[in-house]
Amino acid sequence: PEVGKGRVTQVIGAVVDVQFDGKLPPILNALEVQQHDIRLVLEAAQHLGEKPVRCISMNASEGLVRGEPVINTGSPIMVLVGREKFSTAYICFTFQSSVSLAAPRALVGIGR
1 PEVGKGRVTQ VIGAVVDVQF DGKLPPILNA LEVQQHDIRL VLEAAQHLGE KPVRCISMNA
61 SEGLVRGEPV INTGSPIMVL VGREKFSTAY ICFTFQSSVS LAAPRALVGI GR
């Protein structure tokens with residue numbers, strides 16, 4: 001895949017805007033900030049026109065400044081997990097989904 005290069009144009013907490021000169025990365029692609037103190041991965045969340053992309057930082061963005069170079073990795077964020085971790089994540093997700101479905105009833109007093 002074509003790897004695009006861009007530069008940070010705005011940082012507001014975990015939201016980071018990146019300007020690309022060439023082709024924009026697809027939504028959900030992983031972008032990596034270069035020349036930063038720590039490895040900082042961004043996820044492309046929204047195209048803001050022809051060149052800028054609004055991203056979500058997967059780590060603390062303290063110290064990130066405008067002009068820092070960013071590359072499109074060419075793929076979505078991927079995390080390797082073993083069967084044991086996957087099972088735990090599935091159980092956690094199922095529990096959270098159940099709580100989310102039950103919570104609105106408790107908040108409005110339905111079922112009392």
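Mapping to the working numbering: the sequence shown position 42 is 42, numbers consecutive. Glycine included, each C-beta is placed from N, C-alpha and C at the ideal position.
| Asked | Found |
| --- | --- |
| Suppose you measure from the CA of Leu16 to the CA of Ile56; what does that come to, to the nearest Å? | The sequence shown places Val at residue 16, not Leu. Between Val16 and Ile56, the C-alpha separation is close to 6 Å. |
| If we ignore side chains and look at the alpha-carbon of each, how far apart do Gln34 and Gly49 end up? | 23 Å |
| Can you tell me the Cα-Cα spacing of Arg66 and His36, whole angstroms? | 12 Å |
| Could you check what DSSP says for Gln10 in three-state terms: helix, strand or coil? | strand |
| For the putative contact between Leu24 and Leu31, defined by C-beta atoms under 8 Å, what is the C-beta separation to the nearest angstrom? | Wrong, their Cβ atoms sit about 11 Å apart, outside the cutoff. |
| If you count every other CB in all the chains shown that lies within 10 Å of the CB of Gly4, and 16 or more means buried, which is it? | buried |
| So, is Ala14 buried or exposed, given that buried needs 16 or more other C-beta atoms within 10 angstroms? | exposed |
| Is it buried or exposed for Leu80, if we count other Cβ within 10 angstroms and need 16 for buried? | exposed |
| For Phe20, which residues from the same chain have a beta carbon less than 6 Å from its beta carbon, with the 5 sequence-adjacent residues on both sides left out? | Gly4, Gly6 and Lys51 |
| How about Gln46 and Arg54: are their beta carbons less than 9 Å apart? | yes |
| Could you tell me the alpha carbon to alpha carbon distance between Glu62 and Ser75, rounded to whole angstroms? | 25 Å |
| Taking 9 Å as the cut-off, decide whether the C-beta atoms of Met58 and Ile71 are in contact. | no |
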